[in-house]
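Visitor: In the working numbering, the protein residues as written are 58 to 532.
We treat Cβ as the ideally placed atom computed from N, Cα and C, and that holds for glycine.
Since this is a predicted model, take the numbers as computed values, not measurements.
Attaching a single structure in structure tokens format; questions to follow.
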Ligand SMILES: *Cc1c(COP(=O)(O)O)cnc(C)c1O
């Protein structure tokens with residue numbers, strides 16, 4: 058399997074080459090040259106594998122179609138080390154729970170940091186450690202986080218050989234629980250950097266350091282952001298696992314609703330569907346930051362300015378542009394890299410928008426690719442959290458509530474609807490309390506974390522200061 062860039066660069070790369078890279082050299086995103094096809098017989102085989110040998114072996118089946126530069130026995134060992142009951146809390150890893158007939162929640166949030174990003178990041182940590190050891194190299198991951206990504210990355214990389222994490226976050230802006238999750242880590246290879254500024258300042262620092270090519274090369278700076286293909290690939294697996302739990306035979310169809318921000322999660326659903334998983338609809342749920350809902354309703358993709366990006370009670374979906382969206386549009390345009398480079402390169406940077414409403418390909422977003430969308434507001438979240446708790450005794454987080462609200466607008470008889478649960482309520486306790494008048498339950502391992510000693514460096518919003526810190530902590 059070789060990988061190409063959405064913007065048409067001539068290089069074709071192998072999986073382990075793009076594993077440690079960010080964007081392609083032309084600014085595009087990597088995608089496989091073709092999507093491997095899974096027929097009904099293969100689906101039945103995978104159904105049996107998931108049932109009889111478990112999620113790790115299902116993950117191995119899916120990943121081995123895309124990764125041919127890691128020996129099979131090693132890849133299998135990596136999957137088995139990653140997806141354990143000990144780390145993810147259940148034998149199914151992503152258990153499905155029925156709310157009412159035909160409507161399900163797929164639990165993706167029982168990993169180390171209680172958000173679905175663990176599903177991919179835990180695998181990434183093990184892949185990085187493996188590949189860096191094989192090359193005899195080291196990597197210093199520099200990131201910016203407003204919450205979930207930073208903690209998922211730190212818990213995935215803690216104690217890993219050859220990897221250090223330098224994670225910037227805006228001082229005092231994360232929830233107390235999120236701060237405690239990150240800052241209580243005592244591992245020597247994890248560095249928390251609180252920046253005197255807002256999230257955009259953190260992102261600017263990461264950009265400035267990455268653009269300093271000499272520094273980047275000398276200190277082996279890398280990232281783990283959501284455009285990484287390995288993260289997306291890891292997420293494809295749970296669409297299959299959800300399907301197998303909701304159906305008994307592989308002629309049945311299901312739909313998924315996905316609380317979306319950067320379009321990474323739902324893009325993995327698109328890949329699963331392109332492989333032949335019988336998905337009827339992929340419903341994109343947004344909050345007030347409705348860039349994606351607007352596109353799927355109107356054909357206009359319009360990125361937002363920082364000032365028009367709302368701070369909401371489902372903060373992990375507060376995006377101004379959807380960084381993985383380019384992958385889907387590439388397929389939508391019949392993989393026309395020239396046209397794609399014009400839309401995402403030229404048009405977005407000069408006009409901040411592009412318009413496919415008059416284009417026949419836009420109609421196929423719904424017709425051939427099954428996409429639908431909807432949006433949810435703070436009032437909808439409160440109402441959905443209350444209703445779900447009152448009727449089913451199930452407490453859901455704010456992002457999952459956005460998903461469930463939108464899912465209900467897209468139900469169709471005879472097609473199970475699976476809503477992806479992207480975080481546990483404890484991560485967003487204040488809004489749960491607002492909705493229900495009570496705090497969500499806290500898993501025992503997080504009891505009292507706010508009181509643990511904190512390991513964090515406070516710095517001004519100055520890339521040079523961050524660079525000096527990195528230089529003095531890399532031997
Ligand atoms: C990251 C995140 C999302 C958005 O996922 P994308 O892949 O960026 O679309 C939704 N919910 C939670 C809880 C998240 O952490």
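For the beta strand (DSSP E) holding residue 164, just list the boundary residues, first then last.
Guide: Within the chain shown, residue 164 is the residue found at index 107, counting from 1. Run containing residue 164: 160 to 164, per the beta strand (DSSP E) assignment.
Visitor: How far does the alpha helix (DSSP H) with residue 195 in it reach, from first residue to last?
Guide: Locating residue 195 in the chain shown gives position 138, counting from the first residue. Unbroken run through residue 195: none, as it is neither H nor E.
Visitor: Using the three-state DSSP reduction, which class does residue 367 fall into: helix, strand or coil?
Guide: In the chain shown, the residue the question calls residue 367 occupies position 310. Residue state, collapsed to three classes: coil.
Visitor: Starting from residue 253, follow the beta strand (DSSP E) in both directions and report where the run begins and ends.
Guide: Position 196 of the chain shown, counting from 1, holds the residue named residue 253. That run of the beta strand (DSSP E) goes 247 to 253.
Visitor: Taking 8 Å as the cut-off, is the beta-carbon of residue 318 closer than that to any non-hydrogen atom of ligand 1?
Guide: As a first step, residue 318 must be located in the chain shown, where it is residue number 261. Yes, since a heavy atom of ligand 1 falls inside the 8 Å radius drawn around the Cβ of residue 318.
Visitor: Which residue marks the beginning of the alpha helix (DSSP H) containing residue 359, and which one marks its end?
Guide: To locate residue 359, count along the chain shown from 1; it is residue 302. It is not in any alpha helix (DSSP H) - residue 359 instead sits in the beta strand (DSSP E) that spans 357 to 359.
Visitor: Count the other CB atoms within 10 Å of the CB of residue 378; is the residue buried (16 or more) or exposed (fewer)?
Guide: Translated into positions along the chain shown, residue 378 becomes position 321. So residue 378 counts as buried.
Visitor: Could you give the first and the last residue of the continuous alpha helix (DSSP H) run that contains residue 156?
Guide: In the chain shown, residue 156 corresponds to position 99, counting from 1. Counting along the chain, residue 156 falls outside any alpha helix (DSSP H), though it belongs to the beta strand (DSSP E) covering 153 to 157.
Visitor: Is residue 85 near ligand 1, going by C-beta to nearest heavy atom under 8 Å?
Guide: As a first step, residue 85 must be located in the chain shown, where it is residue number 28. Not so, every heavy atom of ligand 1 lies at least 8 Å from the Cβ.
Visitor: For residue 417, report the span of its beta strand (DSSP E) as first-last.
Guide: Numbered from its first residue, the chain shown carries residue 417 at position 360. No beta strand (DSSP E) contains residue 417, which is instead part of the alpha helix (DSSP H) from 417 to 424.
Visitor: What residues in its chain sit with their C-beta under 7 Å from that of residue 84, if we drop five residues either side in the sequence?
Guide: Looking up residue 84 in the chain shown gives position 27. If we look at residue 84 and ignore the five residues flanking it on each side, its Cβ neighbours are 64 and 402.
Visitor: Is any heavy atom of ligand 1 found at a distance shorter than 8 Å from the C-beta of residue 464?
Guide: The residue labelled residue 464 in the question sits at position 407 within the chain shown. No.
Visitor: Among the residues of its own chain, which have a CB less than 6 Å from the CB of residue 483, if the five just before and after it don't count?
Guide: In the chain shown, residue 483 corresponds to position 426, counting from 1. For residue 483, where only same-chain residues beyond five positions count, the Cβ hits under 6 Å are 497 and 499.
Visitor: Under a three-way DSSP split, which group does residue 488 fall into?
Guide: Along the chain shown, read from residue 1 onward, the residue named residue 488 stands at position 431. In the structure shown, residue 488 sits in a helix (DSSP, three-state: H, G or I).
Visitor: On a Cα-Cα basis, can you pick out the residue from 361, 427, 430 and 321 that is closest to residue 405?
Guide: As a first step, residue 405 is located in the chain shown; it is residue number 348 there, counting from the start. Per the Cα distances, 361.
Visitor: Following the continuous alpha helix (DSSP H) through residue 207, name the residue where it begins and the one where it ends.
Guide: If you number the chain shown from 1, residue 207 lands on position 150. Run containing residue 207: 205 to 214, per the alpha helix (DSSP H) assignment.
Visitor: Could you check which residue in 241, 225 and 183 has the C-alpha nearest to that of residue 253?
Guide: What you label residue 253 is simply residue 196 of the chain shown in a count that begins at 1. Closest by alpha carbon: 225.
Visitor: Under 8 Å from any heavy atom of ligand 1, does the C-beta of residue 174 make it?
Guide: On the chain shown, residue 174 is found 117 positions in, with the first residue counted as 1. Answer for residue 174: yes, Cβ within range of ligand 1.
Visitor: Roughly how many whole angstroms lie between the Cα atoms of residue 205 and residue 282?
Guide: Position 148 of the chain shown, counted from the first residue, corresponds to residue 205. Position 225 of the chain shown, counted from the first residue, corresponds to residue 282. Whole-angstrom Cα-Cα distance: 12 Å.
Visitor: Between the stretch 373 to 393 and the stretch 85 to 103, can you find at least three pairs of beta-carbon atoms closer than 8 Å?
Guide: Segments in contact, yes.
Visitor: Tell me, please, whether the stretch 469 to 483 touches the stretch 349 to 368 by the rule of three or more beta-carbon pairs shorter than 8 Å.
Guide: No, because fewer than three Cβ pairs between the stretch 469 to 483 and the stretch 349 to 368 fall closer than 8 Å, the two stretches do not touch.
Visitor: Within 10 angstroms of the Cβ of residue 275, are there 16 or more other Cβ atoms? Answer buried if so, exposed if not.
Guide: Residue 275 sits at position 218 when you count from the first residue of the chain shown. Residue 275 should be labelled exposed.
Visitor: Using the three-state DSSP reduction, which class does residue 232 fall into: helix, strand or coil?
Guide: On the chain shown, position 175 is the one that residue 232 refers to. Looking at residue 232 - three-state DSSP - the assignment turns out to be coil, as it is neither helix nor strand.
Visitor: Check whether the stretch 486 to 494 touches the stretch 165 to 181, counting contact only when three or more Cβ pairs, one atom from each stretch, lie closer than 8 Å.
Guide: No, the stretch 486 to 494 is not in contact with the stretch 165 to 181.
Visitor: So, do the stretch 344 to 354 and the stretch 430 to 438 have three or more beta carbon pairs nearer to each other than 8 Å?
Guide: Yes: the two stretches touch, three or more of their Cβ pairs being nearer than 8 Å.
Visitor: Let me check understanding here. Comparing Cα to Cα, which of 277, 223 and 343 lies closest to residue 515?
Guide: Looking up residue 515 in the chain shown gives position 458. The shortest C-alpha separation from residue 515 is found at 223.
Visitor: Between the alpha carbons of residue 434 and residue 394, how many angstroms are there, rounded?
Guide: Position 377 of the chain shown, counted from the first residue, corresponds to residue 434. Position 337 of the chain shown, counted from the first residue, corresponds to residue 394. Cα-Cα distance, rounded: 36 Å.
Visitor: Can you tell me which of the three DSSP states residue 495 falls into?
Guide: In the chain shown, the residue the question calls residue 495 occupies position 438. Coil at residue 495, not helix or strand.
Visitor: Which residues in the same chain as residue 91 place their Cβ atom closer than 7 Å to its Cβ, once the five residues preceding and following it in sequence are excluded?
Guide: What you label residue 91 is simply residue 34 of the chain shown in a count that begins at 1. Closer than 7 Å at Cβ, skipping near neighbours: no residue.
Visitor: With burial defined as no fewer than 16 other Cβ atoms inside 10 Å of the residue's Cβ, what is the status of residue 108: buried or exposed?
Guide: As a first step, residue 108 is located in the chain shown; it is residue number 51 there, counting from the start. Exposed, because fewer than 16 other Cβ atoms sit within 10 Å of the Cβ of residue 108.
Visitor: My understanding is that residue 311 touches residue 473, with C-beta atoms under 8 Å, so please give their C-beta distance in whole angstroms.
Guide: In the chain shown, residue 311 corresponds to position 254, counting from 1. In the chain shown, residue 473 corresponds to position 416, counting from 1. Between residue 473 and residue 311 the Cβ distance is about 5 Å, and since that is below 8 Å, they are a contact.
Visitor: Below 8 Å on the Cβ atoms is my contact criterion, and I expect residue 246 with residue 239 to pass it. Report the Cβ-Cβ distance as a whole number of Å.
Guide: As a working mapping, residue 246 is identified with position 189 in the chain shown. As a working mapping, residue 239 is identified with position 182 in the chain shown. With a Cβ gap of about 14 Å, residue 246 and residue 239 do not count as contacting.
Visitor: Could you pull the start and end residues of the alpha helix (DSSP H) that residue 321 belongs to?
Guide: Numbered from 1 along the chain shown, position 264 holds the residue referred to as residue 321. 321 to 332 is the extent of the alpha helix (DSSP H) around residue 321.
Visitor: With a threshold of 8 Å, establish whether the CB of residue 151 neighbours any heavy atom of ligand 1.
Guide: Within the chain shown, numbered from 1, the residue matching residue 151 stands at position 94. False, no ligand heavy atom lies under 8 Å from that Cβ.
Visitor: Leaving out five residues on either side along the sequence, give the residues of the same chain with a beta carbon under 7 Å from the beta carbon of residue 511.
Guide: Stepping through the chain shown from its first residue, residue 511 is reached at position 454. Around residue 511: 240 and 241.
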